[in-house]
Each structure stands twice: as C-alpha cells, then as structure tokens.
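Protein sequence lines, in the order shown, are assigned to chains A and B. Following the working numbering, the numbering of the first sequence begins with 861 at its first residue and continues without gaps. Following the working numbering, the numbering of the second sequence begins with 861 at its first residue and continues without gaps. We put the CB at the ideal spot given by N, CA and C, even for glycine. To start, the structure under review is shown below, and the notes come after it.
Number of protein chains: 2
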Amino acid sequence: MNNNPLQNQNDLSIVDGLVQLSFLVQEILGRVGAEHGLSIIQLRLLGILRDREPSMLQLAKHLNLDKSSITGLVDRAERRGLVERNVSPNDRRGYNVSVTSAGRELIQIGSEEVERQLSAAVEGLSETERSQLAALAAKILGSSVSSNE
Amino acid sequence: MNNNPLQNQNDLSIVDGLVQLSFLVQEILGRVGAEHGLSIIQLRLLGILRDREPSMLQLAKHLNLDKSSITGLVDRAERRGLVERNVSPNDRRGYNVSVTSAGRELIQIGSEEVERQLSAAVEGLSETERSQLAALAAKILGSSVSSNE
DNA sequence: ACAATATAGTTTGTAAAACAAACTAAGTCA
DNA sequence: TGACTTAGTTTGTTTTACAAACTATATTGT
C-alpha cells in the first residue's frame, strides 16, 4: 500500500498510516475480544448497548448491517446471556435490545483491557502528542458524520 | 466507549478516538472492497502480494490467521483469477503465492479508490495537521513492531 | 542409507458472520 | 375494512475462521 514515490517506507503517507493504524487497533480489539470469547462485532454490539436500548432495526443501522444479520447476532449474544430482547411497549412487532448485567460486566472488563492495550500502543508518544492525536481523530470523526445515530 | 468522567462526547479520549477512527477506516476499506467484490481480507491478501511472493505459511503469519484458513482464502482468490500458487523451486511441498495481472489491476484500482476516499475523510484537516497525523501514526506503528514480516 | 521426526499445506468438520429474498405478524392509512 | 407498510425472522448461500487429523515431502541422527 505504498505507491507514492515521494515517500519511503519509514515515512508513511497519511493514507497508509491510517490504514495500518486501523489494522493495529482492530487487532487489539480482536485479541481482547477473543480473550473473552467475543468477536469484534459482538464487542461492538455490547458497546452500543452500553448506553442505549435500540430496536433491531436501529441496531442494523448502527452496525451498518442488514437487519437479517442482526437476528443471528442478537440470538448468539442472548444465548450467552449477554443481551435481552424486550418486547417494545408501543409496537408488538418490535423489540428493544438491552444488555444484561453479565453483558455489562463483560464490556466493562473488555473496555478496561482495550484501554490498557491501546495505551500501551501509544506509550511511545509524549503527552502532547497523545492529545494532538486525540484531537486530530476527533476532528476527522466529527467531519465524517457517519450519522449512525 | 466513553467512560472517562474527564471527557465529554466532543472531546474523545485517545482510546475512543483510535477505536472509532479504526472503524471509520475499516468501513471505507470495506466499502471500496465491496465495490469490486472484495472483502477486507481479500484486499489485504492482494495488498501483501503487491510486493511479495510469500509461502502459504508466511501468508498466515502476515494475516495473523491459521494456516488452514489460508487454503480457502487463496483458493477463492485463485478461482477468481486474482492470485496463483507456484510450486516452490526448493521445496516441493510448498507454494509461493503471487498476484496475477488481473489481481494487480484490481488492487491498483482499489487502492486508488481508498486513497481518494481516505483523503476525503481527512480533507477537514490542514496540510500541517495531516502530516502531523501521518507522523504520529508512523510513530505508533514503528514502536509496536507487529513483526509480521 | 534409513528410520524418526519435523514441516508445508490440505482436508474435514464446525461455527460465526453476512447477505438477499421470501415470509409472518402487527401497525397504519384511506 | 382492505391495501400497504414496517419489524423482525426464516431460509438458503457464501465467506471467513479455527482445530485436529491427515498427506506428502524434507531433514536429522545414527
């Protein structure tokens, strides 16, 4: 992924940097998840349910998946006792999905672990650089309003 | 994924920033891949083969997958005419996997598209900020020598 | 040289993840 | 009420991933 003749390997283009960085982060997420038997998508599911009780359809939008994929995803998480389907009070067709206390515990432990491992990954940066990076990330994320609300 | 009482939503922690940024990048990679019928893992496979002809086992290490997963991955790419297995000259058990011209074309088009879309994602940053970001990414990637050589 | 061992890759069996199309049940609207 | 829409599931397929068992070839020690 380095095609730009103006840059050598040790001086990554911003595109290459972002791509490789994303793989590094995803690798950490995958590893932490795996320690608790969770895939990245299950991790994301729990992460979303931390502060929301979305319908299946809303989950599909959040995760950018087809609604038919959500059925299985929630099924498996429910089977493991991590989430629950609650019949929607207004619409008997729909469910609101919520995290159980077991699920909440798991995501708590998991995100602490992610926190540790990601902090370790950026420990080579100075405090200034870290907050610079956080600000830059926020700026990018803010402008590319992925709107998965 | 925001648990730190010292930060509000618009002022992401570095951990949250990195995680969300990684999902943004992966989403772009997934979308671009999908436009050409490629999954992220197939994209990575072609990306690796751009400047290498690794054995199946080396591919497994690069991609951090079990060797048995590589068989199917390469099978499917080979079926689509994107890569080839070449019997290793020194070891008749082994193969060196190489990208075909069709595969090379596809990865070329794909990475140009990734380039475009990622550039668009960072267009809110100034030139200075972009090179800062590239430098920070490189620094993180450099210290966490993932060693998948 | 050759038996024991190691290595490269595939096969087999299983499960998760994802999609699309068809379907069911419940809501809405004219 | 009948037509239509919406929420979610089912069905069937494909890809991805793993682990254990297996095959074929290399390597090593004696």
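(message) Tell me the DSSP secondary structure of E983(A) in three-state form.
(response) Shown here, E983(A) sits in coil according to DSSP, grouped into three states, outside any helix or strand.
(message) So with CB distances below 8 angstroms, who are the chain B contacts of V879(A)?
(response) The contacting residues are V885, L889, V974, L978.
(request) Indicate whether at least one CB of chain B lies closer than 8 angstroms to the CB of R964(A). (result) Chain B places no beta carbon closer than 8 angstroms to that of R964(A), leaving this residue out of the contacts.
(request) Could you say which of G984(A), S1003(A), R891(A), N924(A) lies nearest to E887(B) if we only look at CA atoms? (result) Of the candidates G984(A), S1003(A), R891(A), N924(A), N924(A) places its Cα closest to the Cα of E887(B).
(request) Would you list, in chain order, the members of the region 897-918 of chain A that have their beta-carbon closer than 7 angstroms to a beta-carbon of chain B? (result) For chain B, the residues of the region 897-918 of chain A that bring a beta carbon within less than 7 angstroms of one of its beta carbons are G907, in chain order.
(request) Would you please verify whether the beta carbon of L925(B) is less than 8 angstroms from any beta carbon of chain A? (result) With 8 angstroms as the cut-off, L925(B) does not count as an interface residue toward chain A.
(request) Output the boundary residues of the beta strand (DSSP E) element that contains R945(B). (result) Taken as a continuous stretch (DSSP letters only), the beta strand (DSSP E) holding R945(B) covers 943-947.
(message) Would L1019(B) and G941(B) qualify as a contact pair, given that the criterion is a beta-carbon distance under 8 angstroms?
(response) Nothing can be reported for residue 1019(B), as the shown portion of chain B is limited to 861 through 1009.
(message) Quick check: the Cα distance between D871(B) and R891(B), rounded to an integer number of angstroms?
(response) Here the C-alpha atom of D871(B) lies approximately 28 angstroms from the C-alpha atom of R891(B).
(message) Check whether chain B comes within 8 angstroms of S961(A), counting only Cβ atoms and requiring the distance to be less than that.
(response) No, its Cβ sits nowhere closer than 8 angstroms to a Cβ of chain B.
(message) Counting only beta-carbon separations shorter than 8 angstroms, does A998(A) have a partner in chain B?
(response) Yes, because at least one Cβ of chain B sits closer than 8 angstroms to the Cβ of A998(A).
(request) Spatial neighbours of N864(A) within its chain, please: CB distance less than 8 angstroms, with the 5 preceding and 5 following residues excluded, ordered by chain position. (result) Because N864(A) carries a pLDDT of 48, less than 50, the predicted location of this residue cannot be relied on, and the following value inherits that uncertainty. S873.
(request) Helix, strand or coil for S928(B), going by three-state DSSP, please let me know. (result) Residue state, collapsed to three classes: helix.
(message) Against chain B, does L872(A) count as a neighbour if the rule is that its beta carbon must be under 8 angstroms from one of theirs?
(response) Using beta-carbon distances, L872(A) counts as an interface residue toward chain B, with a partner under 8 angstroms.
(message) Cβ closer than 9 angstroms: which chain B residues qualify as neighbours of A920(A)?
(response) Correct list: empty, because the minimum Cβ distance to chain B is about 15 angstroms.
(message) To the nearest angstrom, how far is the alpha carbon of L919(B) from that of N946(A)?
(response) Looking at the two C-alpha atoms, the distance is approximately 45 angstroms.
(message) Please classify E972(B) as buried or exposed, where buried requires at least 16 neighbouring CB atoms within 10 angstroms.
(response) Exposed.
(message) Below 8 angstroms on the Cβ atoms is my contact criterion, and I expect S915(A) with S948(A) to pass it. Report the Cβ-Cβ distance as a whole number of Å.
(response) Indeed, because the Cβ distance is near 7 angstroms, the residues count as touching under 8 angstroms.
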